[in-house]
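Enquirer:
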Amino acid sequence: MSKSLRLSEKWFRRGLWLVALVFASFLIGLGGTIVGDLPKVETPLALDNFLNQPAAQRLREQLRGERSAAEAADSALAQAQLQRSKARSETRAQRESFNNWLATRSVTQRSEQDPEVIARTRALDAQQRAEQAQQRAVEAQQQAALDARQAAAQTQKQLDSMETAARAKLNEEMRRVEMRVFLYRLALTLPLLVVAGWLFVKKRKGTYWPFVWGFIFFALFAFFVELVPYLPSYGGYVRYVVGIAVTALVGRYAILALNRYLERQKLAEALPDQERRKELSYDVALARLAKSVCPGCERPVDLKNEKIDFCPHCGIGLFDRCGACNTRKSAFAKFCHACGVGAGRAAAVATAPAAAVPVPPVPPIPS
Ligand SMILES: [Zn+2]
Ligand SMILES: [Zn+2]
1 MSKSLRLSEK WFRRGLWLVA LVFASFLIGL GGTIVGDLPK VETPLALDNF
51 LNQPAAQRLR EQLRGERSAA EAADSALAQA QLQRSKARSE TRAQRESFNN
101 WLATRSVTQR SEQDPEVIAR TRALDAQQRA EQAQQRAVEA QQQAALDARQ
151 AAAQTQKQLD SMETAARAKL NEEMRRVEMR VFLYRLALTL PLLVVAGWLF
201 VKKRKGTYWP FVWGFIFFAL FAFFVELVPY LPSYGGYVRY VVGIAVTALV
251 GRYAILALNR YLERQKLAEA LPDQERRKEL SYDVALARLA KSVCPGCERP
301 VDLKNEKIDF CPHCGIGLFD RCGACNTRKS AFAKFCHACG VGAGRAAAVA
351 TAPAAAVPVP PVPPIPS
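For the sequence shown, UniProt numbering begins at 1 and goes up steadily by one.
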C-alpha cells in the first residue's frame, strides 16, 4: 500500500488512513454510547445480602447497647475514683488534725476533754467508713465496666463469625458475577472480532480499505479495552492461558504468511524473465530499486556499478540497452530516458530487420 511513488497518490493514501482512524473513532464512540444505554445487568452486591438479617440486626443492637453500657460504666468509674480520692484526702486531713490534737492533749492532761476524744474518734471512724464506701463504689463500677466490655467482645465474636461466613458467600457470588459480565462482553465483542478477522483476510486491500481498516481498529479497541480488563482472573490462569492462545494464533498466522511469501517468491524466481517482469507492478519495482534491492528477489544489489546488468541472486535483468539509441537504461523503465522511445516499442525496433526505417518516438502510453 505504501509502494506508490506518485506524490499526490501518497498524500491521498495518508488522507485515507486518516479517514480510517476517524471512522474507527466514531464507531468506538457509537459502541460506547450503546453499551452505556444498555440497562445495567448486575446490581451491586453488599455483605448484608448474605447475612441472616434479623439475627445480625439483633447482634448489632446488642453490641451497641453493651458498648454504650461500657462507656457509661467508664464515666461512672471516673466519677467514683474522683470521689474516692476526695474521701482519702479528707480522711488523711482529719487523722492528722486528730493526731495533733491528741499530742497536745497528752501534754495538757485535761480530763474534761475526754468526751471530745470520743466524739472525734467517732467522726474519724465515720470518715473512714465513708472512704471504704467510696472504694466499694469504685470496685462496683470497675466490675460493671469489665462485664460490659467482655459481653461486647463476646457479641463481636459472634457477629464476626457470621460475617466471615457471609463474606465467603459474597466472594463466591462476586466471582460468578464477574464471569457473567465477562460472558456478556464476550458475546458483544467476539462477533466484532470475527468480522474484523474476516475483513482483514479478505478485504483489506479492496477499494473500500479505509472503512475495512477503521472497522478492524474498532474491533481491536473493543477487544482490548472493553473485554480484556474484564477477563476473570482465577489467580491469573485465565489471563495467561488466553495470552498464550492469542500469541500462538497470531504467530501461526505470521509463520504461514512468511512461508507462503517464500513459496511465491521461489515460484516467481523460477519463471522466465519476461513473465516475472509482468508480475511486478511498475510502482513496486521502482520503490524496490530506490531502496537498492533487486525488484525480483528483494536482495541487495549494487545498482551504481555499471558492470552489473543482472541480479546476481535471481538473474532478473536490471539494466538493458534502448533498442532505438542503444543507451544503457533501467530494464524496468517504460521509456528510454535518452530518446523517449517506449520500452516495448524499442524491443520491436531491435528485433526488426536491419532494413526497416527507425520508427519515430510514440507518445507516452498512460500507465
Ligand atoms: Zn534478484
Ligand atoms: Zn533510447
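Glycine residues also receive a C-beta, built at the ideal position from the N, C-alpha and C atoms.
Keep in mind that this is a model prediction, so the values were computed, not measured.
Just curious, the alpha helix (DSSP H) that D74 is in, first and last residue?
Expert: Here the alpha helix (DSSP H) through D74 covers Q53 to T108.
Enquirer: Determine the DSSP secondary structure at A352, reduced to helix, strand or coil.
Expert: Its pLDDT being 44, under 50, A352 is placed unreliably by the model, and the measurement read from it follows with that caveat. Coil, per DSSP.
Enquirer: Given that a residue counts as buried once 16 or more other Cβ atoms are within 10 Å of its Cβ, and exposed if not, what is E131?
Expert: Buried.
Enquirer: When you compare each of V250, S330 and A20 to L286 by their alpha carbons, which one comes out closest?
Expert: That would be S330, whose Cα lies nearest to the Cα of L286.
Enquirer: Indicate the three-state DSSP secondary structure (helix, strand or coil) for E9 in the structure shown.
Expert: In the structure shown, E9 sits in a helix (DSSP, three-state: H, G or I).
Enquirer: Kindly indicate the opening and closing residues of the alpha helix (DSSP H) around D125.
Expert: Looking at the DSSP string, the run of the alpha helix (DSSP H) that includes D125 is D114 to K203.
Enquirer: At which residues does the beta strand (DSSP E) containing F319 begin and terminate?
Expert: From DSSP, the beta strand (DSSP E) with F319 extends over F319 to R321.
Enquirer: Express the C-alpha separation of K334 and F12 in angstroms, rounding to a whole number.
Expert: Cα to Cα, F12 sits roughly 24 Å from K334.
Enquirer: So, with DSSP's three-state summary, where would you put G36?
Expert: Reduced to three states, the DSSP call for G36 is helix.
Enquirer: Express the C-alpha separation of I118 and R88 in angstroms, rounding to a whole number.
Expert: Each residue's alpha carbon lies about 22 Å from the other.
Enquirer: Does DSSP put G342 in a helix, in a strand, or in coil?
Expert: If DSSP states are grouped into helix, strand and coil, G342 belongs with the strands.
Enquirer: I think Q142 touches L63, with their Cβ atoms under 8 Å apart; what is that distance to the nearest whole Å?
Expert: About 21 Å separates the two Cβ atoms, so there is no contact after all.
Enquirer: Helix, strand or coil for S292? Go by DSSP, reduced to three states.
Expert: If DSSP states are grouped into helix, strand and coil, S292 belongs with coil.
Enquirer: Are the beta-carbon atoms belonging to F218 and A55 less than 8 Å from one another?
Expert: Cβ atoms of F218 and A55: not closer than 8 Å.
Enquirer: Are the Cβ atoms of A80 and Q134 separated by less than 8 Å?
Expert: It is a contact, given that the beta carbons lie within the stated cut-off.
Enquirer: What are the boundary residues of the beta strand (DSSP E) that R276 is part of?
Expert: Careful: R276 lies outside any beta strand (DSSP E), inside the alpha helix (DSSP H) at D273 to E279.
Enquirer: Which stretch, first to last residue, makes up the alpha helix (DSSP H) that contains K266?
Expert: Start and end: Y237 to A270.
Enquirer: Compare the beta carbon distance of L45 and E163 with 8 Å and say whether it is the shorter of the two.
Expert: No, they are not a contact pair.
Enquirer: In terms of alpha-carbon separation, which member of F332, F50 and T327 lies closest to L280?
Expert: For the residues F332, F50 and T327, the minimum Cα distance to L280 belongs to F332.
Enquirer: Please determine if the region 263 to 274 and the region 293 to 305 are in contact, where contact requires at least 3 C-beta pairs separated by less than 8 Å.
Expert: In short, these stretches touch, since the Cβ pair count reaches three.
Enquirer: Between the region 222 to 232 and the region 169 to 185, are three or more C-beta pairs nearer than 8 Å?
Expert: Judged by Cβ distances under 8 Å, the region 222 to 232 makes contact with the region 169 to 185, as three or more pairs qualify.
Enquirer: Go to F221, then tell me how far its alpha helix (DSSP H) extends in each direction, as first and last residue.
Expert: Segment W209 to F221, the alpha helix (DSSP H) holding F221.
Enquirer: Could you tell me whether the region 205 to 217 touches the region 15 to 33, where touching means 3 or more Cβ pairs closer than 8 Å?
Expert: Yes: at least three Cβ pairs fall under 8 Å.
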